Structures are given as structure tokens and as C-alpha cells.
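Colleague:
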Amino acid sequence: MAKIYENFTTMIDRAASILGLERTQYEFAKFPEREMIVSVPVEMDDGTVTVFQGYRVQHSSLLGPYKGGVRFHPTVDHDSIRGLAGLMTLKCTLAGLPFGGAKGGVSVDPAKLSRGELVRLTRRYTAMILPVIGPDVDIPAPDVGTDDTIMGWIMDTYSMMAGKAIPGIVTGKPVELGGSRGRHDATGKGAVYVLKEAMKRLRVGREPSTAAVAGLGNVGKSALRGMYEQGIRVVAVSDSTGGILREEGLDVPAVLAFKEGGGSLRDYSAPGVRQIPREQVLETPCTVLALCTVNAAVTEENAGKLQASILLECGNAQITAVAGDLLESREVTVIPDLVATAGGVIVDYFERVQNVQSLIWEQFEVDRMMKNIILKTFDQVWEAAVQHGVSLRVASYVIALEKVCEAKRIRGIFP
Ligand code: GLU
368 MAKIYENFTT MIDRAASILG LERTQYEFAK FPEREMIVSV PVEMDDGTVT VFQGYRVQHS
428 SLLGPYKGGV RFHPTVDHDS IRGLAGLMTL KCTLAGLPFG GAKGGVSVDP AKLSRGELVR
488 LTRRYTAMIL PVIGPDVDIP APDVGTDDTI MGWIMDTYSM MAGKAIPGIV TGKPVELGGS
548 RGRHDATGKG AVYVLKEAMK RLRVGREPST AAVAGLGNVG KSALRGMYEQ GIRVVAVSDS
608 TGGILREEGL DVPAVLAFKE GGGSLRDYSA PGVRQIPREQ VLETPCTVLA LCTVNAAVTE
668 ENAGKLQASI LLECGNAQIT AVAGDLLESR EVTVIPDLVA TAGGVIVDYF ERVQNVQSLI
728 WEQFEVDRMM KNIILKTFDQ VWEAAVQHGV SLRVASYVIA LEKVCEAKRI RGIFP
């Protein structure tokens, strides 16, 4: 397992040396402000009790309430949640959002739980982290293995304890409970807006281009749809069960309908479509490889085998620090997670604004404003990459760290 937190601190050190910062000016940015490890006992349907391990890591509240997703996945551990919390701080700062950064999660495979068990797990986890969250303190959101329904249960649990409805305790909740329109597809859509802009700047045409998508969770599916709608020929995709390949292009609407119907790619068949191991999707010759898996799809072991010229990091922490260097030396353009995944949290910011002001915005307004912010963010990163002569990946850390350190300098150290 890649060490997400170690990768995060390695990248912070690198960005600091490019900025010429002294250790005392930036070291705080490596450490979470507060960490909570909780036990989550759940009564299973058979009457036994299973105790799951849960976390909420609050990395920074420098620029606003802690903000970050809740992940239900077997790979969740202290290291990954710590690293992902740090990434949230940088992501929010880079996009100019008035948030800090956090992440939470439970080490569990939600697919193995019944609905009742999942409700009880969610409610008990919420109760355990209740002392440290709040609509102005720390605002959870969906992440891997969680969705709008689960956010609704968190909102209900918190509200029952408070004795009144507190919709602002989470973002990414159902629209019926005050969620924002356009949140469901926001991360994948944002990634494709940035990809389109990058291809324009790199002078890569969309029509003759090809793509592969690794991972077909919520973000993977909307990135797949978005690239297909842009006229990019998608030749390979994978999910957790397997991969499929068709050099002439997959029938994307058919693949999406198959996945929406609950299908696993290992069972997918269509004329001209070949089954391949899911790892092989990463090595498919194509123009764009969209990385939408859980963690660290690209490590030093496979970075040299990738054949795409553009990597779109649609999920958090998909590329280790060393793999990033290898890709840079091979002149592969990486559109980094700090920008490519920002669509979700940008729309979560809109959700908070709507909740605070009791506003309801139309989807087209949400999409337009999200596009505006994410493209501005990308432009800053592009300019910094040129200015410092570094990759987009390194540049994204450089700008975010610079802003965080400046905010810290202005606020000062308490007491
Ligand atoms: N889970 C999403 C992310 O990693 C959204 C987090 C949030 O909006 O709080 O960006």
C-alpha cells in the first residue's frame, strides 16, 4: 500500500524548497491540527456485534471550517485518512474556497453490509465524531463508498441530537434535504472541463484522441460520460472486477447502462470487446488515461509502463510522489488531483452558500460557476508550472502551500 501521508509530506517539502521557505515557515502544514480515532460497534443482522475502526482527521482550519469527505472502504487506515485530509486543505486553498481540510472514514467494505447494517454503522460513526463536527466547524461530504443517501443519514443523526434540522452539517446530501443540484456529477464534470482546457493548451485534438478509464465509481462514470460527450474515443475501461478493451471504441452508453444496472465488467460482453485484466487498462496505448480508482493506481512499479500522454487524476492520491517524478521525466502531462478533483468540493462550497442563505440554484448556474472556478484554478497552476519550470503536479503544491503559509503568517501563532 502506498503511504499517502508520506507522499503528501514529500510533496510539501519539495514545494517548500522551490519556494525557498524556511522549515519554521511551512512545517505546520505537514501536521494535522487534530485527529480522532473511534471504535464503531455495529449490531449485525445476525445479532452479533462487529467493531469497526473509524477516523476523522482535521488537518487545517486556517481558512475556514474543516472540510472533507467520509470514506467507507477496506483500505481506510490512519495513514490514508491523514494524507487525504492534508490534500483537502491544499485543494480548497488552491481553488480559493473558504475552507480548511479534513477527511474521515471507516475501515469497512460497505458492499458486504445489509442496508440496515450500513445505516447503523453510519449513525454510530456520526455519534462518535459528533463532538468535533458542526456546520461551522467541520463539514463532512461523500467520498469513496459513501453517497448522498449516507449524507442524509449523517444529517438526520446530527439533527436528532441537536433537536432541530441542521442541513449544513454535511454537503453532498440529497437535493430534497437541501443538497445542491449538480453535486452528483460535479467531480467527473470538473475533471473533464480541465482536461478539455489542457488539451487545447497542449494542442491535442479531441476527435482523433483516445482514452482509457481506470475505475468506474461515481467519479469514473461521470468522467467516462464527459469524455465520450467530448468526442473522445474511449478504448478501455476497468472496474474492481476486471477490464474491457475495444480499439475501435467502446459503446460508452451501453457500458454505462450496464454499470448503472449493477453489472460487473467481468461479465460484460459485446461484439469486438475483449476482456483484459484491470491492471492492463492502465497500460493501454491511448492519449488520455483517467485515473478514478481508490488510491495509488500509479506507483514506481507501473509508471514506466503507462502509454498515455496525458494522465487525468480524477481520484485523490492516485499517483505516488516517486511515480510522479518518473512520469515527469518521460514527459507525460499529469493533470493533478488537487485540480482535477476540485469540482466536487467547489459544488460543496455552493451547497454551503445555498444552505446558509436559504437559496436554491439551478443546475446550469451551478455548472457555470463551478467551471469558472476550476478553470481559473487550472490556469494558476499552468502559469506557476511555467514560472517555476516544474510539472503541473509540483506547481499545484507550490501555489497551495504558498497560500497556506501566507495565511499562517498573517494570522500568526496562538498564543
Ligand atoms: N470527497 C470529495 C473530495 O475529496 C469532496 C470533499 C468535500 O467536499 O468535503 O474532494
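Each residue of the sequence shown is one higher than the one before, starting from 368 at the first, in the working numbering. Don't be surprised by glycine CBs; every beta carbon is placed ideally from N, CA and C. Quick caveat, the model's predicted, so the values are computed rather than measured.
Touch check for the stretch 675 to 684 and the stretch 656 to 665: three-plus C-beta pairs under 8 Å?
Modeller: The answer is yes - the stretch 656 to 665 touches the stretch 675 to 684, with three or more Cβ pairs under 8 Å.
Colleague: Alpha carbons only, please: which of L497, G545 and T417 is nearest the one belonging to E484?
Modeller: By 1-based counting over the sequence shown, the position of residue 484 is 117. With distances taken between Cα atoms, E484 lies closest to T417.
Colleague: Enumerate in chain order the residues of its own chain whose CB-to-CB distance from A565 is below 6 Å, with the five nearest sequence positions on each side excluded.
Modeller: Here the question's residue 565 lines up with position 198 in the sequence shown. Once the five neighbours on either side are set aside, the close Cβ partners of A565 are I702.
Colleague: Does the beta-carbon of K588, which I'm using as the reference point, lie nearer than 7 Å to any heavy atom of ligand 1?
Modeller: Taking the first residue of the sequence shown as position 1, residue 588 is located at position 221. No; taking the cut-off as 7 Å, the Cβ of K588 has no heavy atom of ligand 1 nearer than that.
Colleague: Tell me the rounded alpha-carbon separation between R697 and A675.
Modeller: Position 330 of the sequence shown holds residue 697. Position 308 of the sequence shown holds residue 675. Near 11 Å, if we compare the C-alpha coordinates of A675 and R697.
Colleague: Please report the residue range of the beta strand (DSSP E) in which D784 lies.
Modeller: Outside the displayed range of the chain (368 to 782) lies residue 784, so it cannot be described from this structure.
Colleague: Whose C-beta lies closer than 6 Å to the C-beta of Y716 among residues of the same chain, with five residues either side of it excluded?
Modeller: Here the question's residue 716 lines up with position 349 in the sequence shown. Excluding residues within five positions, the ones whose Cβ falls inside 6 Å are L464.
Colleague: Report whether the distance from the Cβ of K397 to the nearest heavy atom of ligand 1 is below 7 Å.
Modeller: Here residue 397 refers to the residue found at position 30 when the sequence shown is read from its first residue. It does not: the Cβ of K397 is nowhere closer than 7 Å to a heavy atom of ligand 1.
Colleague: Taking 7 Å as the cut-off, is the beta-carbon of N662 closer than that to any non-hydrogen atom of ligand 1?
Modeller: Along the sequence shown, one-based indexing puts residue 662 at 295. No, Cβ of N662 sits at least 7 Å from all heavy atoms of ligand 1.
Colleague: Might you give, ordered along the chain, the residues of its own chain that have their beta carbon closer than 6 Å to the beta carbon of G587, omitting 5 neighbours on each side?
Modeller: In the sequence shown, counting from the first residue as 1, residue 587 sits at position 220. Same-chain partners within the cutoff: V580 and C659.
Colleague: Select from T744, R760, D746 and N722 the residue whose C-alpha is nearest the C-alpha of V699.
Modeller: For this step, residue 699 is matched to residue 332 along the sequence shown. The shortest Cα separation from V699 among T744, R760, D746 and N722 belongs to R760.
Colleague: Going by C-alpha to C-alpha distance, which of M455, E373 and D515 sits closest to D446?
Modeller: In the sequence shown, counting from the first residue as 1, residue 446 sits at position 79. D446 has its Cα closest to that of E373, out of M455, E373 and D515.
Colleague: When the Cα of R401 is compared with those of D523, Y422 and D412, which residue comes out closest?
Modeller: Your numbering for residue 401 matches position 34 in the sequence shown. Measuring from the Cα of R401, the nearest candidate turns out to be Y422.
Colleague: In this structure, does DSSP put E410 in helix, strand or coil?
Modeller: Position 43 of the sequence shown, counting from 1, holds the residue named residue 410. Strand, per DSSP.
Colleague: Determine the contact status of I713 and M737, defining contact as a CB-CB distance below 8 Å.
Modeller: Position 346 of the sequence shown, counted from the first residue, corresponds to residue 713. Position 370 of the sequence shown, counted from the first residue, corresponds to residue 737. Yes, Cβ-Cβ distance for I713 and M737 is below 8 Å.
Colleague: Taking a contact to mean a Cβ-Cβ separation below 8 Å, would you say N722 touches L454 in this structure?
Modeller: On the sequence shown, position 355 is the one that residue 722 refers to. On the sequence shown, position 87 is the one that residue 454 refers to. Against a cut-off of 8 Å, the Cβ pair of L454 and N722 comes out as no contact.
Colleague: Would you say the beta carbon of N374 is closer than 7 Å to some non-hydrogen atom of ligand 1?
Modeller: By 1-based counting over the sequence shown, the position of residue 374 is 7. The answer is no for N374.
Colleague: Taking the continuous beta strand (DSSP E) assigned at I643, which residues delimit it?
Modeller: As a position in the sequence shown, residue 643 is number 276, starting the count at 1. R641 to I643 is the span of the beta strand (DSSP E), which, as asked, contains I643.
Colleague: Below 7 Å, is the gap between the Cβ of K531 and the nearest heavy atom of ligand 1?
Modeller: The residue labelled residue 531 in the question sits at position 164 within the sequence shown. Flag unset: Cβ of K531 not near ligand 1.
Colleague: Among the candidates K626, V602 and E627, whose CA atom is the shortest distance from the CA of G616?
Modeller: Here residue 616 corresponds to residue number 249 of the sequence shown, with the count starting at 1. The shortest Cα separation from G616 among K626, V602 and E627 belongs to V602.
Colleague: Using the C-alpha atoms, what's the distance from T489 back to T513?
Modeller: Residue mapping note: residue 513 aligns to position 146 of the sequence shown, counting from 1. Residue mapping note: residue 489 aligns to position 122 of the sequence shown, counting from 1. Those two C-alpha atoms are separated by around 10 Å.
Colleague: Output the distance between the C-alpha atoms of D444 and L497, rounded to the nearest integer angstrom.
Modeller: Along the sequence shown, one-based indexing puts residue 444 at 77. Along the sequence shown, one-based indexing puts residue 497 at 130. In a straight line, the C-alpha of D444 is about 20 Å away from that of L497.
Colleague: Can you give me the start and stop residues for the alpha helix (DSSP H) that I500 sits inside?
Modeller: Here residue 500 refers to the residue found at position 133 when the sequence shown is read from its first residue. First-last for I500: undefined, no H or E at that position.
Colleague: Can you tell which of S474, K531, I780 and P620 has the C-alpha that lies nearest to the C-alpha of P502?
Modeller: The residue labelled residue 502 in the question sits at position 135 within the sequence shown. Considering only alpha carbons, the answer is K531.
Colleague: To the nearest whole angstrom, what separates the beta carbons of V561 and A707, a pair I think is in contact under 8 Å?
Modeller: Residue numbering aside, residue 561 sits at position 194 when the sequence shown is read from its first letter. Residue numbering aside, residue 707 sits at position 340 when the sequence shown is read from its first letter. Confirmed, about 6 Å.
Colleague: Between which two residues does the beta strand (DSSP E) harbouring E680 extend?
Modeller: By 1-based counting over the sequence shown, the position of residue 680 is 313. First-last of the beta strand (DSSP E) with E680: I677 to E680.
Colleague: For S605, which residues of its own chain have a beta-carbon under 6 Å away from its beta-carbon, when the five flanking residues on both sides are left out?
Modeller: Stepping through the sequence shown from its first residue, residue 605 is reached at position 238. So the qualifying residues of the chain are A581, R645 and V648.
Colleague: If distances are taken between C-alpha atoms only, which option among T651, S758, P652 and Q685 comes closest to E667?
Modeller: Here the question's residue 667 lines up with position 300 in the sequence shown. Out of T651, S758, P652 and Q685, Q685 has the C-alpha closest to the C-alpha of E667.
Colleague: Tell me where the alpha helix (DSSP H) around Y595 begins and ends.
Modeller: For this step, residue 595 is matched to residue 228 along the sequence shown. From DSSP, the alpha helix (DSSP H) with Y595 extends over N585 to E596.
Colleague: Quick check for students: name the residue ranges of the alpha helix (DSSP H) that lie wholly in the stretch 604 to 645, counting only runs of 4 or more.
Modeller: As far as the stretch 604 to 645 is concerned, its whole alpha helix (DSSP H) runs of at least 4 residues are 619 to 627.
Colleague: Are G431 and G471 close, meaning C-beta to C-beta below 8 Å?
Modeller: For this step, residue 431 is matched to residue 64 along the sequence shown. For this step, residue 471 is matched to residue 104 along the sequence shown. Against a cut-off of 8 Å, the Cβ pair of G471 and G431 comes out as no contact.
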